[in-house]
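Chemist: In this note's numbering, the protein residues as written are 34 to 527.
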């Protein structure tokens, strides 16, 4: 039993508590948040290599034998997502120093980020289905603060919708967990998998699988449950939008992935076929939205929905190639979405608008910004050898292997729509005719926003170009997802 896997959860929580004191001392808030995230980043990297070298890490509180105690499990899937989450929180805090404004900084902004990261990392690490609900609530309570912080009219309006959707989702989550417990008599996720395998997934379990898909689909914004996301995510400031877009929907995606590869694997003709149909429709809905708007934030937000569909299509295929592709694409999308939102934030700061039709000529005044945006746009679309290419290629190959030719071709075609949607921003904002005078932002502020953004874009480039070094981790993750016994044996032998 190793307690090391607790550190990426405990460290943000501890520093978040420290930052609750002296909220008006902005220097203290900034240094405390960056210090906490740096320490958490080191522990997350160490945890990933510990899992790689020593196997799945398990700790059960109170030293109870599994499945009686509350269990936390760090496998390769969990460790990769925890590391990516800490990286994104680190860059978001760095970017926020110059982008969020001192008013928000002095009102528990950084503790909100750290507490949200606590919930996100806890959700990725827990091995108990009710504890997953608890960590969801931790991250959601923090997100309620972040979405409303600043008190602008649009934020207050959209926060009501956001909170209402998540309250309803959480209520259905608790009811569904109660249904599941009434059938299998356990909350430990490994034990649930064993019990469902023993009874052969009767009809009631399939109904519960659909209920879980509704619960997590609301949080992940799959079709037709994505209605709340575009306007809710467009309301808060860019750093909060980047954090929400890169992290929060991915917790829902992870929950679907985990439950549909660990629990509900005995009636794939129904459950995974349903998941595949919904993922294809999710991509279609995202493509329509990405082409319909001239607001740069909305364009990238609808690309979140497209990516959710692509990842879940890979999960629905249930073979090694598709699952490895889904893991590759999930990490890629978390990184590239944050980078794109940061870039869009700089564009909005420079032009003073988010409307493409009121932008133009930035290539003359901000050429570095233009080229970094183009690199990120190509990465999002999956242009080789950038970060989106390997994951999408493996997902499509997995789709072909599973015999879903038409849906796999649709995944490929959606890449063209993604490319068109983000290139529109480049053409209008950078190559278009100059539209009046630009917003005069301080050179120091511009530099402080651009440096973390450029580093994050280069990290996504390395993720694509260096995929050969990352592949062993992704193979381990795919093996765990495609072979539930690897996970259950590691947990229940403790």
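Ideal placement from N, C-alpha and C gives every residue a C-beta, glycine not left out.
Could you say which of 417, 383, 454 lies nearest to residue 132 if we only look at CA atoms?
Modeler: Walking along the chain shown from the start, residue 132 turns up at place 99. It is 383.
Chemist: Just how far apart, CA to CA, sit residue 323 and residue 330?
Modeler: As a first step, residue 323 is located in the chain shown; it is residue number 290 there, counting from the start. As a first step, residue 330 is located in the chain shown; it is residue number 297 there, counting from the start. Their backbone Cα atoms lie some 10 Å apart in a straight line.
Chemist: Going by beta carbon distance, what residues of the same chain come within less than 6 Å of residue 256, once the five residues before and after it are set aside?
Modeler: As a working note, residue 256 is residue 223 in the chain shown. The residues are 311, 314, 315, 318.
Chemist: Any chance you could list the beta strand (DSSP E) runs of at least 3 consecutive residues sitting entirely within the region 86-164, in chain order?
Modeler: Here the runs fully enclosed are 90-93, 104-107.
Chemist: Let me know the secondary structure DSSP gives residue 475 once reduced to three states.
Modeler: To locate residue 475, count along the chain shown from 1; it is residue 442. Correct three-state label for residue 475: coil.
Chemist: Quick one: using the 10 Å Cβ neighbour count with 16 as the cut-off for buried, is residue 501 buried or exposed?
Modeler: Here residue 501 corresponds to residue number 468 of the chain shown, with the count starting at 1. It counts as exposed.
Chemist: Would you call the region 497-515 and the region 350-360 in contact, with 3 or more CB pairs under 8 Å?
Modeler: Yes, the region 497-515 is in contact with the region 350-360.
Chemist: Use the C-beta contact count for residue 516: other C-beta atoms within 10 angstroms, 16 or more gives buried, fewer gives exposed.
Modeler: Mapped onto the chain shown, residue 516 falls at position 483. By the neighbour-count rule (16 or more Cβ atoms within 10 Å), residue 516 is not buried but exposed.
Chemist: How is residue 221 classed by DSSP in three states: helix, strand or coil?
Modeler: Against the chain shown, residue 221 aligns to sequence position 188. Here residue 221 sits in strand by DSSP.
Chemist: By Cβ distance, which residues of its chain are closer than 6 Å to residue 344, with the 5 residues on each side in sequence left out?
Modeler: For this step, residue 344 is matched to residue 311 along the chain shown. Hits under 6 Å: 286, 359, 362, 363.
Chemist: What residues in its chain sit with their C-beta under 8 Å from that of residue 505, if we drop five residues either side in the sequence?
Modeler: Looking up residue 505 in the chain shown gives position 472. So the list reads 85, once near-sequence residues are dropped.
Chemist: Out of 140, 416, 89, 45, point me to the one whose CA is closest to residue 57's CA.
Modeler: Locating residue 57 in the chain shown gives position 24, counting from the first residue. Minimum Cα distance to residue 57 is reached at 140.
Chemist: Can you tell me whether residue 321 is buried or exposed, with buried defined as 16 or more other CB within 10 angstroms of its CB?
Modeler: On the chain shown, position 288 is the one that residue 321 refers to. Residue 321 should be labelled exposed.
Chemist: Helix, strand or coil, according to DSSP, for residue 328 in the structure here?
Modeler: What you label residue 328 is simply residue 295 of the chain shown in a count that begins at 1. Looking at residue 328 - three-state DSSP - the assignment turns out to be strand.
Chemist: For residue 388, which beta-bridge partners are listed by DSSP?
Modeler: Residue mapping note: residue 388 aligns to position 355 of the chain shown, counting from 1. BP columns for residue 388 point to 328.
Chemist: Give a yes or no on whether the C-beta atoms belonging to residue 114 and residue 162 are separated by under 8 Å.
Modeler: Position 81 of the chain shown, counted from the first residue, corresponds to residue 114. Position 129 of the chain shown, counted from the first residue, corresponds to residue 162. Contact: no.
Chemist: Within 10 angstroms of the Cβ of residue 389, are there 16 or more other Cβ atoms? Answer buried if so, exposed if not.
Modeler: Locating residue 389 in the chain shown gives position 356, where the first residue counts as 1. The residue is buried, with at least 16 neighbouring Cβ atoms inside 10 Å.
Chemist: Give the DSSP-derived three-state secondary structure of residue 255 in the structure shown.
Modeler: As a first step, residue 255 must be located in the chain shown, where it is residue number 222. Here residue 255 sits in coil by DSSP.
Chemist: Could you tell me the distance, in whole angstroms, from the CA atom of residue 156 to the CA atom of residue 91?
Modeler: Residue numbering aside, residue 156 sits at position 123 when the chain shown is read from its first letter. Residue numbering aside, residue 91 sits at position 58 when the chain shown is read from its first letter. Taking the straight line joining both Cα atoms gives about 15 Å.
Chemist: Is it buried or exposed, residue 336, if we count other Cβ atoms within 10 angstroms and call 16 or more buried?
Modeler: Residue numbering aside, residue 336 sits at position 303 when the chain shown is read from its first letter. Buried.
Chemist: So residue 128 and residue 66 are supposed to be a Cβ contact under 8 Å. How far apart are they, rounded?
Modeler: Translated into the one-based positions of the chain shown, residue 128 becomes position 95. Translated into the one-based positions of the chain shown, residue 66 becomes position 33. Rounded, the Cβ-Cβ distance is 12 Å, inconsistent with contact.
Chemist: Compare the C-alpha of residue 346 against each of 445, 458, 244, 181 and name the closest.
Modeler: For the purposes of this step, residue 346 is taken as the residue at position 313 of the chain shown. Ranking the options by Cα distance to residue 346, first place goes to 445.
Chemist: Tell me whether the region 252-271 and the region 372-381 touch, counting them as touching only if at least three CB pairs, one residue from each stretch, are closer than 8 Å.
Modeler: Yes, the region 252-271 touches the region 372-381.
Chemist: In angstroms, rounded to a whole number, what distance separates the CA positions of residue 72 and residue 41?
Modeler: Counting from 1 along the chain shown, the entry for residue 72 is found at position 39. Counting from 1 along the chain shown, the entry for residue 41 is found at position 8. Each residue's Cα considered, the two are about 9 Å apart.
Chemist: When the Cβ atoms of the region 451-467 are set against those of the region 412-423, are three or more pairs found closer than 8 Å?
Modeler: Judged by Cβ distances under 8 Å, the region 451-467 makes contact with the region 412-423, as three or more pairs qualify.
Chemist: Over the uninterrupted alpha helix (DSSP H) stretch that includes residue 405, give me the two end residues.
Modeler: Stepping through the chain shown from its first residue, residue 405 is reached at position 372. From DSSP, the alpha helix (DSSP H) with residue 405 extends over 400-414.
Chemist: Out of 38, 254, 46, which has the shortest C-alpha to C-alpha gap to residue 108?
Modeler: Locating residue 108 in the chain shown gives position 75, where the first residue counts as 1. It is 38.
Chemist: Just the C-alpha distance for residue 147 and residue 123, rounded to the nearest angstrom, thanks.
Modeler: By one-based count along the chain shown, residue 147 stands at place 114. By one-based count along the chain shown, residue 123 stands at place 90. Looking at the two C-alpha atoms, the distance is approximately 10 Å.
Chemist: Among the candidates 308, 367, 398, whose CA atom is the shortest distance from the CA of residue 350?
Modeler: Position 317 of the chain shown holds residue 350. Nearest C-alpha to residue 350: 308.
Chemist: Please classify residue 88 as buried or exposed, where buried requires at least 16 other C-beta atoms within 10 Å of its C-beta.
Modeler: What you label residue 88 is simply residue 55 of the chain shown in a count that begins at 1. That one is exposed.
Chemist: Helix, strand or coil: which one does DSSP assign to residue 264?
Modeler: Here residue 264 refers to the residue found at position 231 when the chain shown is read from its first residue. If DSSP states are grouped into helix, strand and coil, residue 264 belongs with the helices.
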